[in-house]
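S.K.: Numbering (the UniProt record's numbering), first residue to last: 1 to 200. Think of the CB as a built atom: it goes at the ideal place given N, C-alpha and C, for glycine as much as any other residue. First the structure, then my questions, so here it is.
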């Protein structure tokens with residue numbers, strides 16, 4: 001069953017159809033073009049399956065004709081319980097792993113990896129060296145930032161699973177990340193989502 005969103009503009013409510021909802025982003029299509037401002041916050045009411053209602057405030061990130069994209073940050077409980085599904089994106093970035101006792105990214109004990117998938121919860125990567133499951137590492141990589149700049153991302157990760165094809169591939173989850181690094185990762189995921197929705 002489709003989800004329906006009601007967006008309050010001034011004293012009037014406008015009804016639209018939710019066409020995408022993943023992570024922090026929600027895309028909706030309305031019967032008419034809305035006169036709203038990017039960056040402004042709006043009161044929303046969404047109904048799912050006719051009986052589940054959720055009210056929240058969302059920031060308008062993008063608009064095109066009758067389509068809009070809203071940023072709706074999860075509550076702490078939603079984020080911890082992973083009640084929202086966050087997207088994952090295939091990438092091809094160089095990265096490094098270091099044991100938790102070593103802090104610098106490019107020291108003599110760093111291990112080069114190829115990061116092949118990125119999400120809010122973790123990473124997938126290729127590595128030439130066999131790693132132990134449940135082992136914890138510092139992972140360093142660079143993500144495209146605003147403009148053409150790259151931003152270094154660091155997170156503490158735990159190796160969850162291994163797959164061997166032509167090379168060793170590992171999946172890991174984030175077990176520690178600073179607010180600054182979380183912001184870098186979140187901004188990258190949002191930019192990829194907007195590209196996917198053809199708003200960039």
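(1) Which of helix, strand or coil does DSSP assign to residue 3?
(2) Can residue 157 and residue 118 be called in contact, C-beta distance under 8 Å?
(3) Please state whether DSSP places residue 73 in a helix, a strand or coil.
(4) So for residue 38, helix, strand or coil by DSSP?
(5) Which residues mark the beginning and the end of the beta strand (DSSP E) in which residue 188 is found?
(6) On the three-state DSSP scale, how would you describe residue 176?
(7) Considering just the uninterrupted stretch of the beta strand (DSSP E) at residue 53, what are its terminal residues?
(8) Any idea what DSSP makes of residue 27, helix, strand or coil?
(9) Taking the C-alpha atoms as reference points, what is the distance between residue 197 and residue 179?
(10) According to DSSP, is residue 120 helix, strand or coil?
(11) Between the alpha carbons of residue 14 and residue 30, how many angstroms are there, rounded?
(12) May I ask you to check if the CB of residue 194 is nearer than 7 Å to at least one heavy atom of the ligand COA?
(13) Since I believe residue 172 is in contact with residue 99 (beta carbons under 8 Å), could you give me their beta-carbon distance rounded to a whole number of angstroms?
(14) Starting from residue 12 and walking both ways along the beta strand (DSSP E), at which residues does that stretch end?
M.R.: Short version:
(1) Judged by DSSP in its simplified three-state form, residue 3 adopts coil rather than helix or strand.
(2) no
(3) Residue state, collapsed to three classes: coil.
(4) coil
(5) Not the beta strand (DSSP E): residue 188 falls in the alpha helix (DSSP H), residues 179-196.
(6) strand
(7) 52-64
(8) strand
(9) Computed Cα separation, rounded: 27 Å.
(10) coil
(11) 8 Å
(12) Only the bare structure without any ligand can be found here, which leaves the ligand COA out of the picture.
(13) Their Cβ separation, rounded to whole angstroms, is 14 Å, which puts residue 99 and residue 172 out of contact at 8 Å.
(14) 12-22
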